[in-house]
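Here is the structure we will look at.
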Amino acid sequence: MSTEKVNYAKILGVESVAAAIVFALAYLPLFVWFVRQSFGRPTYVFVVLSFFCSSKATRSPMFIPRLTWAYLVRIAAFTIRAVLAGSESAGENLGLFIADSVLFGVGFFALLYSAYTLVLDRWLLLDAPPEQGVLRMTRDRRLFRVVMLVAVILGIVGSSAATSSDPQNGNVYRTASTVIFLALTAVLAVHTIRLTLIEGSVGFRTPGNGTLGGEHGAYILCLIAALLLVREAFATATVGNVSKQNDEHLWYPLFALPEILAVMFYAIPGLVPPRSELPR
514 MSTEKVNYAK ILGVESVAAA IVFALAYLPL FVWFVRQSFG RPTYVFVVLS FFCSSKATRS
574 PMFIPRLTWA YLVRIAAFTI RAVLAGSESA GENLGLFIAD SVLFGVGFFA LLYSAYTLVL
634 DRWLLLDAPP EQGVLRMTRD RRLFRVVMLV AVILGIVGSS AATSSDPQNG NVYRTASTVI
694 FLALTAVLAV HTIRLTLIEG SVGFRTPGNG TLGGEHGAYI LCLIAALLLV REAFATATVG
754 NVSKQNDEHL WYPLFALPEI LAVMFYAIPG LVPPRSELPR
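Residue numbers (the working numbering): 514 to 793.
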């Protein structure tokens, strides 16, 4: 007796080949631009964008190959999504669907930590008193990375279990991962708002060099934080309903679009301060 095959991609709402291809292609010029920046004006923020591929510190000199992997992960994720939507046999491959979900979850690590690092770097260029109490604790980069790593691991385990062997515990792990990321994004938003309020009153130790990012970086970072909050609020609101979370009428405008807009904002000239300007 033959067993009817299940197309997991269609059941869970992955249908548009064209949209996935458009996003994969949109990441290509960004990938090329950041690689060129890595050679022309190296700064360790590019390590941050690809930090999830390595456990080493963000000031490591091996940032170019890791940056390459970071953007290839996003391109690969949308490419797999296009294949899942366009191929009946691929859509029936549960492992491929899980791999795509994991890639999208892991990629948020890089986007969030990039914004967090840029906010803290701009604080270093301010003549402002140090933070105290909880705010000071949440400025600990190592602690922030460790908590993000926990969220990533929970997300990977949850994505694997939720659609296969242990759906109940899988949903618990996915929910925990999503809530942790939402909390970390809220921490980013708080520090970004404080940076915006203080930046104009205390002054920089170094000039903004007349660039849009140099002069108005805090406001740009507020936009990035807002986009990441939209993305993570949607993920949290739909974490218990995988079909709704993958509904492309919601997923693309509330999940995929905020991510790529945030990446585009990272490319604004002057937003990323040169390493030579940062205090040692």
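Quick reminder that beta carbons are idealized off the backbone N, C-alpha and C, glycines included.
- In this structure, residue 782 lies away from residue 740, with their beta-carbon atoms at least 8 Å apart.
- Per DSSP, residue 649 is one residue of the alpha helix (DSSP H) stretching across 646–650.
- In the DSSP annotation of this structure, the continuous segment of the alpha helix (DSSP H) that includes residue 776 starts and ends at 770–779.
- Within its own chain, the residues whose Cβ lies closer than 7 Å to the Cβ of residue 604, once the five positions on either side in sequence are excluded, are 520, 521, 522, 523 and 597, listed in chain order.
- The beta-carbon separation of residue 588 and residue 541, rounded to 7 Å, stays under the 8 Å limit for a contact.
- Residue 731 is positioned such that its CB atom lies no closer than 8 Å to that of residue 701.
- Shown here, residue 787 sits in coil according to DSSP, grouped into three states, outside any helix or strand.
- For residue 531, the closest C-alpha among the options 547, 595, 610 and 614 is that of 595.
- When 517, 593, 518 and 547 are compared, the shortest CA-CA separation from residue 535 is found for 593.
- In this structure residue 786 is in contact with residue 638, their Cβ atoms being roughly 6 Å apart against a cut-off of 8 Å.
- Taken through DSSP and simplified to helix, strand or coil, residue 728 comes out as helix.
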